[in-house]
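S.K.:
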Amino acid sequence: MPALVPGAVVADRYIAHRLLGEHAGAESWTGSDGTTGDAVVLVVLPDDHPQALAVLDAAHRARGLDNDRLARILEAGRANGVAFFAEESLDGAHTLGQLAARGGLDADEVRRITGEAALALDAGQVRGLHHLSLTPESLLVMPDGGVKVAGLATQAALAGHDHIGGPRALRRDAQGLVALAYAGLTGRWPHGATTRLEPAPRIFGGVPRPSEIAVGVPADLDTICRQTLSEGLGPSSPADYASQIAPWAGMPGLAQPDTTDDGTDSNPTVPIDLRPAPVASMTTESSESVETTVPRTVDLTDPDATKPEAAVVAGASSDDAVTVSAEASGAGATAAAGATAAGATAVGAAVGAAVSGVAAAAGRPPARLARHRPKRPHRRRIDGLPNGGRGHH
Numbered sequence: 001m002p003a004l005v006p007g008a009v010v011a012d013r014y015i016a017h018r019l020l021g022e023h024a025g026a027e028s029w030t031g032s033d034g035t036t037g038d039a040v041v042l043v044v045l046p047d048d049h050p051q052a053l054a055v056l057d058a059a060h061r062a063r064g065l066d067n068d069r070l071a072r073i074l075e076a077g078r079a080n081g082v083a084f085f086a087e088e089s090l091d092g093a094h095t096l097g098q099l100a101a102r103g104g105l106d107a108d109e110v111r112r113i114t115g116e117a118a119l120a121l122d123a124g125q126v127r128g129l130h131h132l133s134l135t136p137e138s139l140l141v142m143p144d145g146g147v148k149v150a151g152l153a154t155q156a157a158l159a160g161h162d163h164i165g166g167p168r169a170l171r172r173d174a175q176g177l178v179a180l181a182y183a184g185l186t187g188r189w190p191h192g193a194t195t196r197l198e199p200a201p202r203i204f205g206g207v208p209r210p211s212e213i214a215v216g217v218p219a220d221l222d223t224i225c226r227q228t229l230s231e232g233l234g235p236s237s238p239a240d241y242a243s244q245i246a247p248w249a250g251m252p253g254l255a256q257p258d259t260t261d262d263g264t265d266s267n268p269t270v271p272i273d274l275r276p277a278p279v280a281s282m283t284t285e286s287s288e289s290v291e292t293t294v295p296r297t298v299d300l301t302d303p304d305a306t307k308p309e310a311a312v313v314a315g316a317s318s319d320d321a322v323t324v325s326a327e328a329s330g331a332g333a334t335a336a337a338g339a340t341a342a343g344a345t346a347v348g349a350a351v352g353a354a355v356s357g358v359a360a361a362a363g364r365p366p367a368r369l370a371r372h373r374p375k376r377p378h379r380r381r382i383d384g385l386p387n388g389g390r391g392h393h
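Put into structure tokens, the structure is as follows:
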């Protein structure tokens, strides 16, 4: 006999409307809050039920957990000969069982739904609350796409599993999430006929991989399901499961693209390639080496440094500047000199500015930079190089 009848009032506030179902001696009813008029779900069980106290304790603890991914418990207590708790109504939501019964879901959606559920369970375990009885009916998708987990802690208490905690509880909830992923991908439940979904076929050691039943199954989800459901491996906790399948669309902390179009460039910075340019090595027929001499530093605080002969731009001559063996090819000489035309111009401008500053400090006009044309090295033919080493310089 049902614990309630339609129209019954619980705790002088909640009105029962329609029986939704019964599980382990507890009934679920649609109802309404007589004070606010809001729709609610009432879960009631006889006051003498062996798990009544444990269920009420779990409901009180879960009520203090504020998380948008968890079905919110509004009140819990005893009245009218029953133990009860009132939960927020999830009108318009579809359970994973309802969605997967159509032949399985898109893999990206399965990743998102189970990933969000994993975050919800991880928030609960911080308070010592676990589910321990996940089924496709425990996971709901709201009309706006949000994900809700129903029955945290209360389902464990109702099933008499509330004594399980620590790593064992975390592992069980992780296994439950993998089973939900399997159901979402295949439309089959891997743990027998305990839901409205058809049971998955049995093979030696467990169940077939999702990819053996459905198409388009990503390798990571396929592997996690195989390891967890058939090999006794897989994630050790909801947080571990979430990290293994991340990222997913809408995941917290995942940067979303800025779609604002105000007519301006949202990222005007031009990326600069800071990688060093590749240096080609060359070998001549007689293996002559290229000899280089590093220019000595010019002290710009020395008044003599403003003399034209002291301002030597990169690539200039004299015994201070870079010298290149005449036996090297023209291309090698240019590389050894260490300056392109653009680089020489920039360095020259910088030195000129510095010289002008020193000269101004000394009270006399700045000296002109010395112009120097390096001697063209003797070219010789190098086998193995295009055009015998006589490329453009």
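Residue numbering for the sequence shown follows full-length UniProt numbering, starting at 1 and increasing by one per position.
Even for Gly, the Cβ is constructed at its ideal location relative to N, Cα and C.
Please read these numbers as outputs of a predicted model, since none were measured by experiment.
What three-state label does DSSP hand H161 in the structure shown?
M.R.: Three-state DSSP puts H161 in coil, outside helix and strand.
S.K.: Please say whether H60 and A25 have beta carbons closer to each other than 8 Å?
M.R.: The question names Ala, but residue 25 in the sequence shown is Gly. Cβ distance not < 8 Å, so G25 and H60 don't count as in contact.
S.K.: For A107 versus L4, is the C-beta distance shorter than 8 Å?
M.R.: No, the pair does not count as a contact, with Cβ atoms beyond the cut-off.
S.K.: Does the beta-carbon of W233 have 16 or more other beta-carbons within 10 angstroms, so that it is buried, or is it exposed?
M.R.: It is worth fixing the name first, because residue 233 is Leu in this sequence and not Trp. Classification for L233: exposed.
S.K.: Going by the DSSP bridge assignment, what does W29 pair with across the sheet?
M.R.: The partner list for W29 (beta bridge, DSSP) reads L19 and L42.
S.K.: Smallest Cα separation from G34: which of P208, L177 and H17?
M.R.: G34 has its Cα closest to that of H17, out of P208, L177 and H17.
S.K.: For A305, does the three-state DSSP call read helix, strand or coil?
M.R.: Model confidence at A305 stands at a pLDDT of 46, short of 50, so the residue's coordinates are unreliable; what they give is reported in the following sentence. If DSSP states are grouped into helix, strand and coil, A305 belongs with the helices.
S.K.: Just the C-alpha distance for E116 and G176, rounded to the nearest angstrom, thanks.
M.R.: Rounded to the nearest angstrom, the two C-alpha atoms are 14 Å apart.
S.K.: Where does V124 fall in DSSP's three states?
M.R.: Per the sequence shown, the amino acid found at residue 124 is Gly instead of Val. G124: helix per DSSP, three-state reduction.
S.K.: Tell me the DSSP secondary structure of H94 in three-state form.
M.R.: Three-state DSSP puts H94 in a strand.
S.K.: Apart from the five residues on each side of it in sequence, which residues of its chain come closer than 7 Å, Cβ to Cβ, to T186?
M.R.: These residues qualify, in order along the chain: G104, A200, P210, I213 and A214.
S.K.: If you follow the alpha helix (DSSP H) that V178 is part of, which residue opens it and which one closes it?
M.R.: Residues G166 to T186.
S.K.: Suppose you measure from the CA of Q98 to the CA of L74; what does that come to, to the nearest Å?
M.R.: Cα to Cα, Q98 sits roughly 26 Å from L74.
S.K.: Cα separation between P124 and L20?
M.R.: For the sequence presented, residue 124 should be read as Gly rather than Pro. About 26 Å.
S.K.: If you compare alpha carbons, which of P218, L152 and G192 is closest to W248?
M.R.: With distances taken between Cα atoms, W248 lies closest to P218.
S.K.: Pull up the CB-CB distance for S133 and A174, whole angstroms please, since I reckon it's below 8 Å.
M.R.: Actually they are not in contact, since the Cβ atoms of S133 and A174 sit about 14 Å apart, beyond 8 Å.
S.K.: Would L152 pass as a contact of L129 if the rule is Cβ separation under 8 Å?
M.R.: Result yes, Cβ atoms of L152 and L129 sit closer than 8 Å.
S.K.: Measuring alpha carbon to alpha carbon, tell me which of G250, A86 and S230 ends up nearest A39.
M.R.: Nearest option by C-alpha distance: A86.
S.K.: Run through DSSP, which three-state label would G229 get?
M.R.: Going by the sequence as given, residue 229 is Leu instead of Gly. Three-state DSSP puts L229 in a helix.
S.K.: Identify which residue in I224, T228 and E231 has its Cα closest to the Cα of I245.
M.R.: Answer by Cα proximity: I224.
S.K.: Does the beta-carbon distance from T135 to A58 come in below 8 Å?
M.R.: Cβ distance not < 8 Å, so T135 and A58 don't count as in contact.
S.K.: Alpha carbon to alpha carbon, how far is G81 from E137?
M.R.: Rounded to whole angstroms, G81 to E137 spans 28 Å at the Cα level.
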